[in-house]
Amino acid sequence: MTTKNFFKTPSSQTFLIIVLLLLIAPLFLSVFRINLLGKFIAYAILAIGIDLIWGYTGILSLGHGVFFGLGAYAMGMYLKMEAAHGKLPDFMSWSGLENLPTVWAPFSNPLSLALIVLVPALLAFIIGYLTFRNRIRGVYFSILSQALSLIFVVFFIGQQAYTGGTNGLTGFRTMFGMPLATDNTKYILYYAAIFLLVLVYLYCHFLVKHRLGKILVAIRDGENRVRFSGYDPAVYKIFVYVSSAVIAGIAGAIFVPQVGIISPAEMGIIPSIEMVIWVAIGGRGTLIGAVIGAILVNGLKSGISESFPEVWSYFLGLTFVIVVIFMPEGLVGLVKKYASKITCPIKKRKATEKASSVN
Amino acid sequence: MGTILEINNLIISFDGFRALNGVTTKVEKGEIRFFIGPNGAGKTTLLDAICGRIRPQQGSIIFDGDKNIMHYPEHKLVNIGIGRKFQVPSVFTSLSVYENMEVSVVNDRSIMASLFQPITKAQKEKIDDILDLVDLKDYCDKKAADLSHGQKQWLEIAMLLVQDLQLILLDEPVAGMGRKETIKTGELLKSIAHHCTVIVVEHDMEFVRDYASKVTVMHEGRILDEGSVSQVQNNPKVIDVYLGRGGGNCA
Amino acid sequence: MDTYLLQIFNGISVSSIFMLAALGLAITFGLMKIINMAHGEFIMIGAYAAYMVQNFFSQYLPASFFNFYFFAAIPASFLLAGVLGWILERLVIRHLYGRSLDSLLATWGVSLILQQLARSIFGAPNVDVKSPDWLNGAFLVHPGLQLPYKRLFIMLMVIACMVVIYYLMYRSNYGRKIRAVMQNRAMAASLGINTRRIDAYTFAFGSGLAGIAGCALTLLGSIGPTLGTNYIVDTFMVVVLGGVGSLWGTIAGGFLIGTGNTTLEFLTDATLGKVLVFTLVILFLQWRPKGLFTIHSRSLDE
Numbered sequence: 001m002t003t004k005n006f007f008k009t010p011s012s013q014t015f016l017i018i019v020l021l022l023l024i025a026p027l028f029l030s031v032f033r034i035n036l037l038g039k040f041i042a043y044a045i046l047a048i049g050i051d052l053i054w055g056y057t058g059i060l061s062l063g064h065g066v067f068f069g070l071g072a073y074a075m076g077m078y079l080k081m082e083a084a085h086g087k088l089p090d091f092m093s094w095s096g097l098e099n100l101p102t103v104w105a106p107f108s109n110p111l112s113l114a115l116i117v118l119v120p121a122l123l124a125f126i127i128g129y130l131t132f133r134n135r136i137r138g139v140y141f142s143i144l145s146q147a148l149s150l151i152f153v154v155f156f157i158g159q160q161a162y163t164g165g166t167n168g169l170t171g172f173r174t175m176f177g178m179p180l181a182t183d184n185t186k187y188i189l190y191y192a193a194i195f196l197l198v199l200v201y202l203y204c205h206f207l208v209k210h211r212l213g214k215i216l217v218a219i220r221d222g223e224n225r226v227r228f229s230g231y232d233p234a235v236y237k238i239f240v241y242v243s244s245a246v247i248a249g250i251a252g253a254i255f256v257p258q259v260g261i262i263s264p265a266e267m268g269i270i271p272s273i274e275m276v277i278w279v280a281i282g283g284r285g286t287l288i289g290a291v292i293g294a295i296l297v298n299g300l301k302s303g304i305s306e307s308f309p310e311v312w313s314y315f316l317g318l319t320f321v322i323v324v325i326f327m328p329e330g331l332v333g334l335v336k337k338y339a340s341k342i343t344c345p346i347k348k349r350k351a352t353e354k355a356s357s358v359n
Numbered sequence: 001m002g003t004i005l006e007i008n009n010l011i012i013s014f015d016g017f018r019a020l021n022g023v024t025t026k027v028e029k030g031e032i033r034f035f036i037g038p039n040g041a042g043k044t045t046l047l048d049a050i051c052g053r054i055r056p057q058q059g060s061i062i063f064d065g066d067k068n069i070m071h072y073p074e075h076k077l078v079n080i081g082i083g084r085k086f087q088v089p090s091v092f093t094s095l096s097v098y099e100n101m102e103v104s105v106v107n108d109r110s111i112m113a114s115l116f117q118p119i120t121k122a123q124k125e126k127i128d129d130i131l132d133l134v135d136l137k138d139y140c141d142k143k144a145a146d147l148s149h150g151q152k153q154w155l156e157i158a159m160l161l162v163q164d165l166q167l168i169l170l171d172e173p174v175a176g177m178g179r180k181e182t183i184k185t186g187e188l189l190k191s192i193a194h195h196c197t198v199i200v201v202e203h204d205m206e207f208v209r210d211y212a213s214k215v216t217v218m219h220e221g222r223i224l225d226e227g228s229v230s231q232v233q234n235n236p237k238v239i240d241v242y243l244g245r246g247g248g249n250c251a
Numbered sequence: 001m002d003t004y005l006l007q008i009f010n011g012i013s014v015s016s017i018f019m020l021a022a023l024g025l026a027i028t029f030g031l032m033k034i035i036n037m038a039h040g041e042f043i044m045i046g047a048y049a050a051y052m053v054q055n056f057f058s059q060y061l062p063a064s065f066f067n068f069y070f071f072a073a074i075p076a077s078f079l080l081a082g083v084l085g086w087i088l089e090r091l092v093i094r095h096l097y098g099r100s101l102d103s104l105l106a107t108w109g110v111s112l113i114l115q116q117l118a119r120s121i122f123g124a125p126n127v128d129v130k131s132p133d134w135l136n137g138a139f140l141v142h143p144g145l146q147l148p149y150k151r152l153f154i155m156l157m158v159i160a161c162m163v164v165i166y167y168l169m170y171r172s173n174y175g176r177k178i179r180a181v182m183q184n185r186a187m188a189a190s191l192g193i194n195t196r197r198i199d200a201y202t203f204a205f206g207s208g209l210a211g212i213a214g215c216a217l218t219l220l221g222s223i224g225p226t227l228g229t230n231y232i233v234d235t236f237m238v239v240v241l242g243g244v245g246s247l248w249g250t251i252a253g254g255f256l257i258g259t260g261n262t263t264l265e266f267l268t269d270a271t272l273g274k275v276l277v278f279t280l281v282i283l284f285l286q287w288r289p290k291g292l293f294t295i296h297s298r299s300l301d302e
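Have a look at this one:
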């Protein structure tokens, strides 16, 4: 795939426009809004990962909050250690711990940040290996993945002394020595988030544009036929699940320093399923749909729920029902349908282009 | 010529019901072997057992002289040269016809290969040739979901052909097809048989008469008779099984 | 030992409630391949129905009647949850046949709406339902082991419901039709069974069962708009363990999870117990990927 081809597809062009808009956004928005937007970008990264596994491969994971949370906690633990300046982090002494637990020990070293991706990858590998290899799929997998997120929330709340319990980790001060509260750091983090978004998008674009992407879609369409085409779907599913978990971990890691807190509430059942909503509304099976969905839904959420929190639940619930039933391809599908109506005369040429951009 | 598939005393039961009750048969290389019999005779179960979807309780299935394939997972079977077509057309509906073929044609099916090894020119030509054979050349860019029923069946056969198999298992390839399409499928079978063995489960007796090189008649999990079409047609036991069930055409 | 026995007893009584809810879920999945994430909200609806009946009795009827309100609450919970289930089937579910994963998502949207509705009507804080006097107290097995009447009553109620379900599913004409549609929808339809109507009634019936489960839960603690979410995952695990669509499996699964949960929590602690149960379920599925009881199918791509 050459760079020339990359910019040819409408979805990549749209992505480019979004990135450009995000890059110049600090010129127009207050630092508060930029910080908020940075959070949405973290969500967009997460959404791309979910789209990879759900939109393309057809595996509905309702436990991605766990991977997001694990990445976020890894980052949070590092920041916490940095804030503690070699002493015991505050919440541990409140819970009566006297020595630093072994799981925390590595986090005084910046190298421990590798755990942001390693821990989600390992967990996804184990879960994926145990389920996909045994052909646990469809709703069975979804329910198990949901139980996973329940278990992790219970576990993190239960181990107060090690995880900060319900309150989670907060009270970070600096990151690599930069004070988190200053505008300057906030801008740096914002641009770092954009950078990661582009990186993750390119990675997934790379995956889905090659034959691997076709095989993923094939697994979604008919897993048995894939087996009888000589592929072991479990290997591909584990690969996608691990990729997607790593992406979620990265999203969690860039989320934490911008928002300043990570708690079990971010990894539970409800946030996990909300992440799927973003992708559904934006348009599953298109990377750009995931990005648009995540930013749009969260933008609306902070807009509406700030002033009418009650309306938000109704709105979200209703939107979801309507989108799933009547617009399974989401906003991107709607735009495509509309666009093909306008460009009827040159449809033939466009159609081939679109066919390649679908994936 | 030699034996490609050897089935010995195969027994399969579900919850006490014996679906296969001691089936023994040999398939020679280059044959077009038909398995026929009334509903519930165990034909599809036999195919399922050969391709690893069902674990037999007893017996053995030997492929290509020395491989006992009973515990092979499906994808491994394909890699040693056994392919299967399902009764209901089963193609990747959201992919285009060409992409369906592209996924099937490769030999290295690892993740790395599917990211870094593009389709070779030889493979491209092979796809084109086979699509030509099944008359789908003009539908390359069409989504498989938009094909007609018969075209989907052919696409599935084409996907098998492009895989370089030694043995192809077809489950009712002409079910739901009109006469014209059936004839075309039959011709396709003949050209397939030039370079690989075909096992077909079929209900359409006319189709069996026209294209079978050898027929195995099954009844209640056992083999009733085996031989050429005319030979089995004159076997009184076979006639009894079919006529006793209400007419020769419902086979 | 006595504490353990009491724990087990409590565990079984709670899991018997799950069983009831899970049976509704198992029937609807077996029949329509729909996973209803809003099923937990029907538990919540049943609980609020009991709350409303209780309020009605204490406000409009003489005090001497109050002790019997629960006998009115059970059918009221069933009916309210059932009717709302029927409406949900008509409005949403019938668009989702053949799309299991989508049904899971859409019904989650429904559950958001129902929760918010409960919050708007009854307020966000939990409310208490006062148990009838005759259920306070306990059955004395021997000193040191007392089985609360409430929990005994719940178990009896669940057993009664199961007997009714058994008769309905395996002894009645309606049940025969349901099982026919479960096994082969196309064939049942061509034999003149109105499958759509069977679907709607069954969905309503399953929701009604969840309603009764909610009614039973009011005896064990206060209720709130998020009552359903707290129980839905456990309910799903019961169904997965038992084998989706299998009634006997659901009962066995409920029993196993209930006793397993309490035993492991007794041996370790509450959080570790839950983690262990989940791990055990996954390990169990290694051995039987489709749960305890499976329905054999000849379809190639289920």
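Protein chains in written order, with UniProt numbering: chain A, 1 to 359; chain B, 1 to 251; chain C, 1 to 302. A virtual CB, placed ideally from N, CA and C, is assigned to each residue, including glycine.
Per DSSP, the beta-bridge partners of I36 (chain B) are B:V217. With contacts defined as CB atoms closer than 7 Å, A106 (chain C) and F42 (chain C) fail to qualify as a contacting pair. As DSSP reads the structure, R18 (chain B) sits in a beta bridge with B:S13.
Taking each of A:H64, A:K301, A:L36 and A:L130 in turn and checking the Cα distance to I48 (chain A), the smallest one comes out for A:H64. F68 (chain A) counts as buried, since at least 16 other C-beta atoms from the protein chains shown sit within 10 angstroms of its C-beta. Counting along the chain, the unbroken alpha helix (DSSP H) around R196 (chain C) starts and ends at T195 to L217. For the options C:R119, C:W86, C:G98 and C:I45, the alpha carbon positioned closest to that of I74 (chain C) is the one of C:I45.
Note on M101 (chain B): 16 or more other CB atoms within 10 angstroms of its CB, so buried under the neighbour-count rule. Segment contact: the region 74 to 81 of chain A against the region 160 to 169 of chain A, three or more CB-CB distances shorter than 8 Å; contact assigned. Residue B:E181 holds the alpha-carbon nearest to the alpha-carbon of G150 (chain B) among B:S230, B:E181, B:K237 and B:V97.
Bridge pairing for K85 (chain B): B:L170 [DSSP]. When Cβ-Cβ separations below 7 Å define contact, I50 (chain A) makes no contact with chain C.
At the C-beta level, I54 (chain B) and I7 (chain B) stay beyond 7 Å of one another.
Proximity of chain B to F6 (chain A) at the Cβ level (cut-off 9 Å) is not reached, the minimal Cβ distance being about 16 Å.
Contact check for Y231 (chain A) against R109 (chain B) passes: the beta carbons are separated by less than 7 Å.
By the 16-neighbour rule on beta-carbons within 10 angstroms, I17 (chain A) is exposed. Here the alpha carbons of A147 (chain A) and I193 (chain C) stand approximately 37 Å from one another. Nearest CB-CB separation between V208 (chain B) and chain A: not below the 7 Å threshold. In the same chain as A47 (chain C), and ignoring 5 residues on each side of it, the C-beta atoms closer than 7 Å to its own belong to G214, C215, L217, T218, I223 and L227, in chain order. Under the 7 Å criterion on CB atoms, F236 (chain C) is classed as interfacial with respect to chain A. Counting C-beta atoms within 10 angstroms of its own C-beta, K190 (chain B) has fewer than 16 neighbours from the protein chains shown and is therefore classed as exposed.
Of the residues assessed, N261 (chain C) falls on the buried side of the cut-off, its CB having 16 or more other CB atoms within 10 angstroms. Apart from sequence neighbours up to five positions away, the residues of its chain that approach D141 (chain B) with a beta-carbon distance below 6 Å are S96, ordered along the chain.
When CB distances to chain C are screened at a threshold of 7 Å, the residues of the region 120 to 146 of chain A falling below it are L130, N134, R135, I136, G138, V139, Y140, S142, I143, L144 and Q146, in chain order.
Shown in chain order are the members of the region 305 to 321 of chain A whose Cβ falls below 7 Å from a Cβ of chain C: E310, S313, Y314, L316, G317, L318, F320 and V321.
Between the region 217 to 233 of chain A and the region 112 to 131 of chain A, the count of Cβ pairs shorter than 8 Å is below three; the stretches do not touch. About 6 Å separates the beta carbon of Y314 (chain A) from that of Q116 (chain C), a gap short enough to meet the 8 Å contact definition.
Within chain A, the C-beta atoms nearer than 8 Å to that of T271 (chain C) come from V154, F155, I157, G158 and Q159, in chain order. Excluding five sequence positions before and after G128 (chain A), the CB atoms of its chain that fall closer than 6 Å to its own CB belong to I238 and Y241, given in chain order. When DSSP reads this structure, R222 (chain B) sits in a beta bridge with B:H219. Look at T197 (chain B): its C-beta is not under 7 Å from any C-beta on chain A. If you draw a 10 Å sphere on the C-beta of L199 (chain A), you find fewer than 16 other C-beta atoms in it, and that means exposed. At a C-beta separation below 9 Å, R211 (chain A) has these neighbours in chain B: E99, E102, V103, V106, A113, S114, L115, Q117, P118 and I119.
For I325 (chain A), at least one C-beta of chain C is nearer than 7 Å to its own C-beta. Assigned with DSSP and collapsed to three states, Q146 (chain C) falls in strand. Residues of the region 109 to 123 of chain C with a C-beta atom less than 9 Å from some C-beta of chain A are G109, V110, S111, L112, I113, L114, Q115, Q116, L117, R119 and S120, listed in chain order.
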